[in-house]
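Residue 144 in full-length UniProt numbering sits at position 144 of the sequence shown, with consecutive numbering throughout.
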Amino acid sequence: MSSLHRSSSSREGPARPGHSALTNANDEAYSLPFQPSEGYGGEPFPPLGNGAENVQMVERETQLADLLRLLEDCAGGTGGTALITGPLGAGKSVLLRTFAGRARASGALVLDAEGLLLERDIPLGVLRQLFQDAPLADAERAAVDGLLTSAELCRPSALDIAPELRLPTLANRRLWTVLRAIAERVPVVIAVDDLHHADDASLHSLSHFCERAATARILVVAATAKTRAAADRRHGVWLTDLLRQPQFHQVRVALLSEEGVTAMAARRLGPATARRLTGPWTRLTGGNPLLVLALLADAPAVGEEYGRSVVACVRRGGRDLLTLARALAVLGDGPARHLLRELLDLPEENVVALLETARAAGVLDASRFRHPSAAPALLADMPTAERAALHRKAADLLHRDGASPERVARHLVAAGHAAEDWAFDILYAAAAEALRADDPEFSGVCLDLAERAGVQEPERLRTALLRARVEFRANPLAAFRRLTPFVDRRSVGPEGADLIPPLLWHGRTDDAARILDALGDRVPDERAVTALQTAWEMAWSGHSPAFRKPTRTFEDSAAGRALVDRAPSAGPLAEVLRDGPTEGAAGSAETVLQSLSLDDDTFWALHSALLALVYAGRTRRAADWCDALSREAVARRAPTWQALLAAVRAEIALRDGEPSQARAHARDALSLVSWRGWGVAIGLPVSCLVLASVALGVGERVPEERGGLPEAVFGTRYGAQYLYAVGLRHLAEDRAEAALRGLTEAGRLLAASGADVPSFVPWRSGAVAALLRLGRPDEARALAAEQRARPGATRKRGPGLPLLGSRPAPRGRTDLWEEAAALLDPDGRRARTTRSPDVPGIALRRPGPSPVAARRTGRPITEVRVPLASGRVAVASAPGARPDVGALSSAELRVARLAAEGRTNREISRTLFVTLSTVEQHLTRVYRKLDIPGRADLTTAFPPRRPVRAGPAAAPGRRRTEHRRGPRRAEPYATAPRSTDRRPTRSAVTIVGTELPDERL
C-alpha cells in the first residue's frame, strides 16, 4: 500500500505518460535518467551504492517512488508540497537526501536547508540557507540579500502563540518572484530537513511558497518528526495550514519491521548472522533504523555508538524531549509519572505526549530505555552544572516521596551536594546498606559526602566507624588508623561500643575495657549490642583473654545483660576451650554455621564456630565449612576474611597431618593482609607456618621469639600458639632451655585465658620432653601428672606435638619414658614406626648412627616419635629392655624371627609353607603380645643373626640372601630397606622415614 497521501484539494497537473523528457515554459528540454513507469512496479530505481544510506533505505523504496512521481509532475509543470513524516530516527532525512540526489541527477535545481535546534530562535535562518547557494543573477542576488537582511521589513507576527518576527507579505512575494523566475528555466526542488526545528519566520515564508507551488514547477519537500508536545503548537498550526494547500502530499515513514531489521543487518553481516540477531536487535531498537545502524557499527556487542545514537535521536525531537530523556536517565528504572512531572515542571499532558514521542521513536519501552547504555550517554551529554542540579532536585523529590536511602544517596553523590538537614542520615544509611551488599566503593563515596555533611562529633565518629568497617575487609591497619583520634576521647557515647572490636584486633585491651566501663548502665541500642557481641566472639577466638572476663561494671550493666542473650555463638568455643572436646559443643558450632550468613556482623560468630569444630576434633566438617566460607569471601572481595579463614585452614591441615598444605595455607593467609595489618591475630598463621615448616624440615623466615610480632600478641591465645610452635622448633634444634621457656610461657597465657586444655595446645607434652632432655625427670613426672588431670587429656586429637627430642634415658629412668609415652598416647595405642606412620610425623634423637644401623649393630638408641596430627608418640626403649618373647607360640616365634631378619611376608610364606594370610595373622598377634608398633621394632626382641638359608621350597642351586636388591612390591608389614650407611650422623629430624640434617630447619 502506498504511503503517499494526497490532500482532498489536490489539483492534478497534465499527465504525460510515456515521455522521458520534460520541458519548461520556454520549451527547454531537461532529460530524466529514468522512464516514468520505473519505480511503480517494474525494475527498482538504480542502486544507491554500498554506503550507510543504502543500508538505511530498507523498506523505504515505496516512499522514494512516490516522491519521484511528484518530481515527474513538477517537471511537467505541476508543482506541489510533500511532507515526509514519521517517528524520530525512522530515516526521514535519509529518504529526503536520497530523493534530492535523484532530483539533481534528473536536472532539477535543489535548494536545501536544515532546521537546527540551536538556530530555532534566529529569524529567517532556514530561508537564508535555501538562497545562499541558489544560481541567481547579480540583480537577483542583490534583491534577495536585501530582502533577507533588511531589519526594517521584519515586524511582530499576529499569530496567537507568541509575537515573533516574520517577513511582510510584500517581501515574501518578491522572494517568490525570484523562485518562479528560476523555475521557468529549470524545475526547482526546495528540500528542508528537520522542519520542526525551523524558525517561525522561515515557516511563514515557506507557507507562502507552498500556497503557490502548484502553479509552478516548484516542489517543496520537507521532513518533520511526528511530535505531540504542546510546546510545538506553533508547528502544529503551520501543519494545519499546510493541509489546506493544493497539491499537498504526505509521505509516511514507519519504523522497521522485524523483516526490515533482518534485511538491514544482512547487508553488513550476512543473512545467517542477521537472522540470529533479528529478535534481540528489534527489542533494542524498536525498529529504529538509526539505532540499528548503531548496532551494526558496534557489532558484535552493544557499545558506545548505540548510546550516541540515542542522544542524536532525542536531540532531533527538541528541547523538551531532550530534557525528558535526561530526566529519565537521572531517575532511572521507569520512574513514576508524577516524579517526572515534578522534575520537569511540566503539565501532565505534556509529559504524556513526550513519553509517547520517545516510545514511537523506539527509544523507550514503556518508560524505560531499551538498553542500559542509553542513560549514561545522555548523562554524559549534559552540561555538568545542569546534571548536578537535576540530580539534586531528584534527590529532594525522592526523599519526599519515601524512596530508599540508597536511591536518594546516589543522586546526592552524583550532585556532590549534602547541605540538607536530612542528607547525613540518608548517606550513612546508604553506606551501611552498600557494605551489606558488598559494594564498598559506593559505601566509601557515601561516607566521603557524609563527612562533609556531618559537623558534630558523634556524626564524625559514626562515619569513621562505618568507614573502618568498609576498609577492614581489605586493609585492617588503615581502618584502625581512622579510629585512633576517637579512642583517647574522655567522653564516649553508645556509639563507642563499635570501637571495641578494632581495639581488640590490635591488642589494645585496656582501651577496650575503658570504653566498656564507660558505657555503664546505659541501655545499648541494636548497633551497640551487635558491636559488643562481635567483641565477645573475637575475645573467645583468641584476641583477648582478659576482655572475655568482664568487669563488675559490665556484668551488672544493661549492656552486659543484653549481650548475654545475644552471644550464643561464643558458647561452643568457650566450652571446647574450657572442658575439652564435647559432642554438645560440636553440635552447637554446626548450628551456628548453618544458621548465619556471612557479613560484617556475623563473621566473628562464624569464625568462632569454626574454631570450635577444629578444637573439638571435627576437622573434616571444619574444612568443608571453611572452604565454603572462603569461596564466599573471595566472591565478596574481602581479603581480610580470606586471610583469617586461610589461617584456620592451615591449622586444620596441621591437625590432619598435612604439613605441606598447612604451610601453603599459612603463606596464603600472610600474603593477603600486611604483617602489621594482622594485629594480634598474626600469631595464628605464623604459628602454623612454624609447625608446618619444622615438620617438613624446611627453613622458613619467621620472627624469632617476640622480636617480630607485636607485643600485644603475647597477651592473647594467639601468642600462646606462637610460643608453643617456636618452643617445638627449639626442641627440634636441641635447644631444650629455650624450648622450655617458650612452652612454659605458652602455658601461662593459656591458663590466663581459661583455655588450658591439651586438645587446644598440648604445651606440657613438649615441656616434658624438654625437661627429660635437660635431665630433670622429677619435674617432668610432675608436669605429666598435671597434664593427665586436664580436661580432654584422653582425647586422641590435638594440634599435634610435631617433634620431641631427647637423649638416652638415665639408667633406671625408662619408666619415665613410658610415662611420657602414656601421656602423649593416652589411649594406649602406639604410633606406627617411621616407616609406616598413620600420618606424617617427626622424631628427634641424639647423635649417633641411624636407627636401622643401630638396630643391626645392637648399639643402644632411644627415640621419642610423634605423628604430626594426633599427639600420639612411639617410644623405642633401649635394647637392654628387650620385650619378653616367651608369650609367643612356636609358630609365631618362627614368623617373627624371619620378619625381624627382613624377609617379606611372601618369602616367609614360601619358607614356612603357609599362606600369606597366616603370616599376617601371626604377625598381628606378635605385635600385640610384644606391645610394639610394627615390624621395624621386631629387632628389639630379635637381635640380628646369621641369615636363614632357603627352605625346601627354594629352587635347587639357589641361595636366599637376607635382602633383595632393587625395587620390590610393597607387602603388608614390610620393613624398610636396610641402610648400609654406618657413618655417624648429626642430630637429625626423621620425617616420614627420611632423615634431614638439622641445617635445613
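All C-beta atoms in this analysis are idealised placements derived from N, C-alpha and C, irrespective of residue type, glycine included. Bear in mind that the values here come from a model prediction, so they are computed numbers and not experimental data.
Query raised in the report: The beta strand (DSSP E) spanning G587 covers which residue range?
Result: Taking the sequence shown and counting its residues from 1, one reaches residue 587 at position 587. From DSSP, G587 is part of no beta strand (DSSP E) but of the alpha helix (DSSP H) over 583-595.
Query raised in the report: Going by C-alpha distance, which of S207, A198, D193, A137 is nearest A181?
Result: Reading the sequence shown from its first residue, position 181 is the one you call residue 181. The candidate whose alpha carbon is nearest that of A181 is A137.
Query raised in the report: Since G101 is in the alpha helix (DSSP H), which residue starts that stretch and which ends it?
Result: In the sequence shown, the residue the question calls residue 101 occupies position 101. Where G101 is concerned, the enclosing alpha helix (DSSP H) stretches over 92-106.
Query raised in the report: Alpha carbon to alpha carbon, what distance is there between D194 and R252?
Result: Walking along the sequence shown from the start, residue 252 turns up at place 252. Walking along the sequence shown from the start, residue 194 turns up at place 194. Their Cα atoms are separated by approximately 15 Å.
Requested in this report: Would you mind stating whether L70 and G77 have Cβ atoms separated by less than 8 Å?
Outcome: Working through the sequence shown from its first residue, we reach residue 70 at position 70. Working through the sequence shown from its first residue, we reach residue 77 at position 77. Not closer than 8 Å, so no.
Query raised in the report: By DSSP, does D599 sit in helix, in strand, or in coil?
Result: As a position in the sequence shown, residue 599 is number 599, starting the count at 1. If DSSP states are grouped into helix, strand and coil, D599 belongs with coil.
Requested in this report: My understanding is that P476 touches T640, with C-beta atoms under 8 Å, so please give their C-beta distance in whole angstroms.
Outcome: On the sequence shown, residue 476 is found 476 positions in, with the first residue counted as 1. On the sequence shown, residue 640 is found 640 positions in, with the first residue counted as 1. At roughly 6 Å, the Cβ-Cβ gap stays under 8 Å, so P476 and T640 are in contact.
**Report entry** Secondary structure of L610, DSSP reduced to three states
**Finding:** Locating residue 610 in the sequence shown gives position 610, counting from the first residue. Here DSSP, grouped into helix, strand and coil, assigns L610 to helix.
Query raised in the report: Which value, in whole angstroms, describes the spacing of the CA atoms of Q63 and L95?
Result: By one-based count along the sequence shown, residue 63 stands at place 63. By one-based count along the sequence shown, residue 95 stands at place 95. Distance between the alpha carbons of Q63 and L95 is about 8 Å.
Query raised in the report: Which first and last residues belong to the beta strand (DSSP E) in which A222 is found?
Result: By 1-based counting over the sequence shown, the position of residue 222 is 222. A222 -> beta strand (DSSP E) spans 218-225.
Report task. Starting from H417, follow the alpha helix (DSSP H) in both directions and report where the run begins and ends. Result -> In the sequence shown, residue 417 corresponds to position 417, counting from 1. In this chain, H417 is not harboured by any alpha helix (DSSP H), its DSSP state being neither H nor E.
Requested in this report: Answer yes or no: do A113 and H249 have a C-beta to C-beta separation smaller than 8 Å?
Outcome: In the sequence shown, counting from the first residue as 1, residue 113 sits at position 113. In the sequence shown, counting from the first residue as 1, residue 249 sits at position 249. Not in contact: A113 and H249 (Cβ atoms no closer than 8 Å).
Query raised in the report: Do A375 and G332 come within 8 Å of each other at the CB atom, strictly closer than that value?
Result: If you number the sequence shown from 1, residue 332 lands on position 332. If you number the sequence shown from 1, residue 375 lands on position 375. In contact: G332 and A375 (Cβ atoms closer than 8 Å).
Query - Distance, A265 Cα to R255 Cα - result: Within the sequence shown, the letter at position 255 stands for residue 255. Within the sequence shown, the letter at position 265 stands for residue 265. Here the sequence assigns Leu to residue 255, which means Arg is not the residue at that position. Distance between the alpha carbons of L255 and A265 is about 15 Å.
Query raised in the report: Which residue comes first and which comes last in the alpha helix (DSSP H) that contains F248?
Result: As a working note, residue 248 is residue 248 in the sequence shown. Where F248 is concerned, there is no enclosing alpha helix (DSSP H), although the beta strand (DSSP E) it sits in stretches over 248-252.
**Report entry** Which of helix, strand or coil DSSP assigns to I190
**Finding:** As a working note, residue 190 is residue 190 in the sequence shown. Correct three-state label for I190: strand.
**Report entry** For D381, three-class secondary structure by DSSP
**Finding:** As a working mapping, residue 381 is identified with position 381 in the sequence shown. Note: D381 maps to coil in three-state DSSP.
Query - Residue environment, P659, which counts as buried when at least 16 other CB atoms sit within 10 Å - result: By 1-based counting over the sequence shown, the position of residue 659 is 659. By the C-beta density criterion, P659 is buried, having at least 16 other C-beta atoms within 10 angstroms.
Query raised in the report: Excluding sequence positions up to five away, which residues of its chain have a Cβ less than 6 Å from the Cβ of L364?
Result: Residue numbering aside, residue 364 sits at position 364 when the sequence shown is read from its first letter. Taken in chain order, the residues that qualify are A358.
Query raised in the report: If we call anything under 8 Å between Cβ atoms a contact, is L654 one with A622?
Result: The residue given as residue 654 occupies position 654 in the sequence shown. The residue given as residue 622 occupies position 622 in the sequence shown. Result no, Cβ atoms of L654 and A622 do not sit closer than 8 Å.
Query raised in the report: So, are the CB atoms of A906 and L916 less than 8 Å apart?
Result: As a working mapping, residue 906 is identified with position 906 in the sequence shown. As a working mapping, residue 916 is identified with position 916 in the sequence shown. Reading the sequence as shown, one finds Arg at residue 906 and not Ala. Yes; because the gap between Cβ atoms is below 8 Å, this pair is in contact.
Requested in this report: Identify whether residue 1009 lies in helix, strand or coil by the three-state DSSP scheme.
Outcome: Given a span of 1 to 1001 for the chain in the structure shown, any question on residue 1009 remains unanswerable.
Query - Reduced DSSP category for F913 - H, G, I as helix; E, B as strand; rest coil - result: By 1-based counting over the sequence shown, the position of residue 913 is 913. F913 falls in the coil class under three-state DSSP.
Query raised in the report: Residues in its own chain within less than 6 Å of P324 by CB, not counting five upstream and five downstream?
Result: Locating residue 324 in the sequence shown gives position 324, counting from the first residue. First, the residue type needs correcting, since residue 324 is Leu and not Pro in the sequence shown. Excluding residues within five positions, the ones whose Cβ falls inside 6 Å are L354.
Query raised in the report: Quick one: is the Cβ of A431 within less than 7 Å of any heavy atom of the ligand SAH?
Result: Only the bare structure without any ligand can be found here, which leaves the ligand SAH out of the picture.
Requested in this report: Would you please state the rounded distance, in angstroms, between the beta carbons of A366 and R392? I believe it to be under 8 Å.
Outcome: As a working note, residue 366 is residue 366 in the sequence shown. As a working note, residue 392 is residue 392 in the sequence shown. Contact between A366 and R392 is absent: CB atoms are separated by about 27 Å, not below the 8 Å threshold.
Query raised in the report: So, does the CB of R729 fall closer than 8 Å to a CB anywhere in chain C?
Result: The chain inventory of the structure shown lacks chain C, comprising one protein chain alone.
Query raised in the report: Which value, in whole angstroms, describes the spacing of the CA atoms of V352 and P383?
Result: Reading the sequence shown from its first residue, position 352 is the one you call residue 352. Reading the sequence shown from its first residue, position 383 is the one you call residue 383. Taking the straight line from one Cα to the other gives about 26 Å.
Query raised in the report: Just to confirm, are A431 and L447 a CB contact at a threshold of 8 Å?
Result: For this step, residue 431 is matched to residue 431 along the sequence shown. For this step, residue 447 is matched to residue 447 along the sequence shown. In this structure, L447 lies closer than 8 Å to A431 by Cβ.
Query raised in the report: Can you tell which of R319, D381, D298 has its C-alpha closest to the C-alpha of V311?
Result: Looking up residue 311 in the sequence shown gives position 311. Comparing Cα-Cα distances from V311 to each of R319, D381, D298, the minimum goes to D381.
Query - 8 Å CB neighbourhood of V192 in its chain, flanking five on each side removed - result: Stepping through the sequence shown from its first residue, residue 192 is reached at position 192. Counting only Cβ-Cβ distances below 8 Å, and skipping sequence neighbours, we find D112, A113, E114, G115, V126, L130, A198, L206, V220, V221, A222, A223.
Report task. Note down, in chain order, each residue of its chain lying with its Cβ closer than 7 Å to the Cβ of A377, except the 5 sequence neighbours on either side. Result -> On the sequence shown, position 377 is the one that residue 377 refers to. Non-local beta-carbon contacts of A377 in its own chain, meaning distances under 7 Å to residues more than five positions away in sequence, involve G307, R308, V310, V311 in chain order.
Query raised in the report: Closest to P289 by CA distance: which of G86, T602, A336 is it?
Result: For the purposes of this step, residue 289 is identified with residue 289 of the sequence shown, where counting begins at 1. Among G86, T602, A336, the Cα nearest to that of P289 is on G86.
Query raised in the report: What is the DSSP secondary structure of A647, counted as helix, strand or coil?
Result: To locate residue 647, count along the sequence shown from 1; it is residue 647. Helix at A647.
Report task. For V673, collect the residues of the same chain with a Cβ closer than 7 Å to its Cβ; drop the 5 residues on either side in sequence, then sort them by chain order. Result -> Residue 673 sits at position 673 when you count from the first residue of the sequence shown. Result list for V673: P476, P639, T640, A643, in chain order.
Requested in this report: Can you tell me which of V694, R482, L124 puts its alpha carbon nearest to the alpha carbon of L148?
Outcome: Numbered from its first residue, the sequence shown carries residue 148 at position 148. Ranking the options by Cα distance to L148, first place goes to L124.
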